Amino acid sequence: MACSSFQRKFPPVNWDDFQQVARARAVEETDAEARIWDGGARRAATEEAKRVAGSNVLAFLIRRSAALIGRTKEPVESVLGVPAIPGWLVSTGWIAAFGIGWVLSAVGQEREINLLALPLMGILAWNAVVVVLSLVALLRPSNESARGERVEQFFRRISAWKSPSTQDAVARLPQKAPAKFQELTSGTWRARLASRFRAWLHLGAALIAIGSIAGMFARGWSRDYHAVWESTLLESNGASRFLGGLFAPASKVTGIPVPLEKIPGMQRVDGKDALAPVSARDWICLYGATLGLLVVLPRFLLLLMELAHARKISRRALQGAEWQAYARRVLSLVEGAGAPAHVLTHGLPTDAASQDRWRQWAHQHWRDVGHVDFQSVPVAEETEYLESWQPAAPRVLLVFNMSNVPESEIQRELAEGIAAKLHASLSSAPLVVALEDRELRQRWAGFADGEKRLAERLASWRETLNGLPVEWLKMEAGMGSR
Numbered sequence: 161m162a163c164s165s166f167q168r169k170f171p172p173v174n175w176d177d178f179q180q181v182a183r184a185r186a187v188e189e190t191d192a193e194a195r196i197w198d199g200g201a202r203r204a205a206t207e208e209a210k211r212v213a214g215s216n217v218l219a220f221l222i223r224r225s226a227a228l229i230g231r232t233k234e235p236v237e238s239v240l241g242v243p244a245i246p247g248w249l250v251s252t253g254w255i256a257a258f259g260i261g262w263v264l265s266a267v268g269q270e271r272e273i274n275l276l277a278l279p280l281m282g283i284l285a286w287n288a289v290v291v292v293l294s295l296v297a298l299l300r301p302s303n304e305s306a307r308g309e310r311v312e313q314f315f316r317r318i319s320a321w322k323s324p325s326t327q328d329a330v331a332r333l334p335q336k337a338p339a340k341f342q343e344l345t346s347g348t349w350r351a352r353l354a355s356r357f358r359a360w361l362h363l364g365a366a367l368i369a370i371g372s373i374a375g376m377f378a379r380g381w382s383r384d385y386h387a388v389w390e391s392t393l394l395e396s397n398g399a400s401r402f403l404g405g406l407f408a409p410a411s412k413v414t415g416i417p418v419p420l421e422k423i424p425g426m427q428r429v430d431g432k433d434a435l436a437p438v439s440a441r442d443w444i445c446l447y448g449a450t451l452g453l454l455v456v457l458p459r460f461l462l463l464l465m466e467l468a469h470a471r472k473i474s475r476r477a478l479q480g481a482e483w484q485a486y487a488r489r490v491l492s493l494v495e496g497a498g499a500p501a502h503v504l505t506h507g508l509p510t511d512a513a514s515q516d517r518w519r520q521w522a523h524q525h526w527r528d529v530g531h532v533d534f535q536s537v538p539v540a541e542e543t544e545y546l547e548s549w550q551p552a553a554p555r556v557l558l559v560f561n562m563s564n565v566p567e568s569e570i571q572r573e574l575a576e577g578i579a580a581k582l583h584a585s586l587s588s589a590p591l592v593v594a595l596e597d598r599e600l601r602q603r604w605a606g607f608a609d610g611e612k613r614l615a616e617r618l619a620s621w622r623e624t625l626n627g628l629p630v631e632w633l634k635m636e637a638g639m640g641s642r
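The opening residue of the sequence shown carries number 161 in our numbering; numbering runs sequentially from there.
Here it is as structure tokens:
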């Protein structure tokens, strides 16, 4: 898959797909001994995914992770997982919401409905405020990492309590794999939970309104309710304007006129009965329709928006630069359609893991690189090697061991000779130079000025090779060296 084919085409990615990709990556990046998947298994899975997915990056990652996990008997899926939200907890909340709405509709005097009662008006006012806040939260999500960590730990404990012990299974995976998986998934899990939680709240609010509507119609079916109103702040004219404006949308939808002319006679004053209370049938219908238009409908629309947003979270996570860099790294395990490359190393071990890393470097520099060949320049025999060496590929990467102190008589002359021979045979092909710093980083890891020492050593290398017709390899995050 060349650079030109690494297109921004992203298919629908569900949450299980994202977890599967994260599981494969967590094991790969922590299994230094390649106990779970050796180099052959990883390359085979990469080739299969590349053949099936073509230029689709996300489809490639999903297919490759499924192929890898399918090649092992280790309990990867059972051990590496995110906290689960108990289904009974969510269902109980929805049932409680419906019950609250049912109870709220009964608040008031026996056989009378106070049109201005706070429980009834409160549902409308509260929902108006929450709808606005929900839109703001949907368009401008906040980053509450501390609270998210506490919520994640809470549900992780619930999941551990529900699930059987996986201690034996964990021991069979790389020790750092669970922590790496949590690192890869925590942010996405929290974002998804926040979006789904808002969706659950919208459904709960809609159920409160539906419960209130159901409660009013159920009581109106078996009892003769009358509609009244009372208020310290409103007179008849004010009440007429308020109720007329409130129920106007419902009146247009249902065709039931708002009986404003009866408002004066429906008023209760000084605790006395209203002079001319009217049947609550039309008012119940108008109130139910108002709840449907101003509460249920907006909440269901917000619910759909949140669910759509939650479904996109996994896809957006894999679209991130860090996941895309991971995709490019694993793609380097297989050959591209471009010209081959030759990797020359000096003063370095040539084990399989190191060759995979250097192959990644070659793929990073030449996105379409074909077959990558490796050869080691014998230490103390640089002159003899240089005399017999001839470019076998148009692309050459020379990797030095950064832990060695650079010398003009050795490293500079070697790079200069290789660059000259490469230029003589393929004048347009520059020599690419890289430094392997793993050994040096491990050696200076415990020093407070370790990074400063690394910077000084890098500057020394660059000064030694300064003026040569070479190109320094530019490293991406996660590529492992300089």
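Ideal Cβ placement from N, Cα and C applies to all residues, glycine included. Values in this document were obtained by computation on a predicted structure and should not be read as measured data.
Starting from residue i, trace the beta strand (DSSP E) in both directions and tell me its first and last residue.
i	result
Asn274	Glu272 to Asn274
Asn561	Arg555 to Asn561
Glu631	Val630 to Trp632
Ser536	Val532 to Val537
Ala501	Ala501 to His506
Glu596	Leu591 to Glu596
For residue i, report the span of its alpha helix (DSSP H) as first-last.
i	result
Ala449	Arg441 to Leu451
Leu344	Ala337 to Ser382
Val118	Because the chain is modelled from 161 through 642, residue 118 falls outside the range shown and cannot be assessed.
Val388	Careful: Val388 lies outside any alpha helix (DSSP H), inside the beta strand (DSSP E) at His386 to Val388.
Met465	Leu457 to Gln479
Arg572	Careful: Arg572 lies outside any alpha helix (DSSP H) and carries neither H nor E.
Asp516	Ala512 to His525
Glu421	No alpha helix (DSSP H) contains Glu421, which DSSP labels as neither H nor E.
Ala256	Gly247 to Leu264
Can residue i and residue j be called in contact, C-beta distance under 8 angstroms?
i	j	result
Ala365	Val290	yes
Pro695	Thr624	One cannot answer for residue 695 here, as it falls past the ends of the chain, which runs 161 to 642.
Leu574	Leu546	yes
Ala209	Phe220	yes
Ile570	Glu542	yes
Ala410	Leu461	no
Ala512	Gly199	yes
Ala440	His386	yes
Met562	Trp483	no
Ala477	Thr348	yes
Ala138	Gly530	Only positions 161 to 642 of the chain appear in the structure, and residue 138 is not among them; the question remains open.
Ala589	Leu582	yes
Gly375	Ile444	no
Gly496	Asp516	no
Val292	Leu218	no
Please name the residue, chosen from the options, that lies closest to residue i on a Cα-to-Cα basis.
i	options	result
Ile368	Ala257, Leu228, Val418 and Ser620	Ala257
Val559	Glu541, Ala540 and Asp597	Asp597
Thr232	Arg352, Ala194 and Arg603	Ala194
Pro419	Asp442, Gly507, Gln335 and Ala410	Asp442
Ala615	Arg601, Gly627, Leu628 and Gly606	Arg601
Asp433	Arg271, Arg622 and Arg202	Arg271
Gly239	Thr206, Gln342 and Asp198	In the sequence under discussion, the amino acid at residue 239 is Val, which differs from the Gly named in the question. Residue Gln342 is the option with its Cα nearest to Val239.
Ala227	Asn626, Val181 and Ser251	Val181
Met426	Lys472, Ile260 and Asn397	Asn397
Val537	His583, Gly530 and Gln550	Gln550
Asn626	Ile283, Arg383, Arg572 and Glu611	Arg572
Trp197	Gly452, Val236, Asn174 and Asp609	Val236
Trp521	Val539, Ala485 and Glu395	Ala485
Asp430	Arg489, Gly577, Thr392 and Thr252	Thr392
Pro334	Arg489, Phe407, Arg185 and Met281	Arg185
Among the residues of its own chain, which have a CB less than 7 angstroms from the CB of residue i, if the five just before and after it don't count?
i	result
Ser568	Thr624
Asn274	Gly268, Val388, Trp389 and Glu390
Glu304	Below a pLDDT of 50, predicted positions are generally treated as unreliable, and Glu304, at 48, falls in that range; the measurement from the model is reported next regardless. Around Glu304: no qualifying Cβ.
Going by beta carbon distance, what residues of the same chain come within less than 8 angstroms of residue i, once the five residues before and after it are set aside?
i	result
Val592	His525, Arg555, Val556, Leu557, Leu558, Val630, Glu631, Trp632 and Leu633
Thr414	Cys445, Leu446 and Ala449
Which residues in the same chain have their Cβ closer than 6 angstroms to the Cβ of residue i, if we skip the five residues on either side of it in sequence?
i	result
Val212	Arg223
Val455	Asn287 and Ala369
Leu467	Ala359
Ser372	Gly261, Leu264 and Ser265
Which word fits residue i, buried or exposed, when buried means at least 16 other C-beta atoms lie within 10 angstroms of its C-beta?
i	result
Val187	buried
Leu491	buried
Ser474	buried
Ile423	buried
Ser294	buried
Phe607	exposed
Leu464	exposed
Ile229	buried
His523	buried
Gln179	buried
Gly480	exposed
Gln167	Any reading at Gln167 must be qualified, since the residue scores a pLDDT of 43, below 50, and its modelled position is unreliable; the value itself is stated next. Label assigned to Gln167: exposed.
Asp533	exposed
Leu435	exposed
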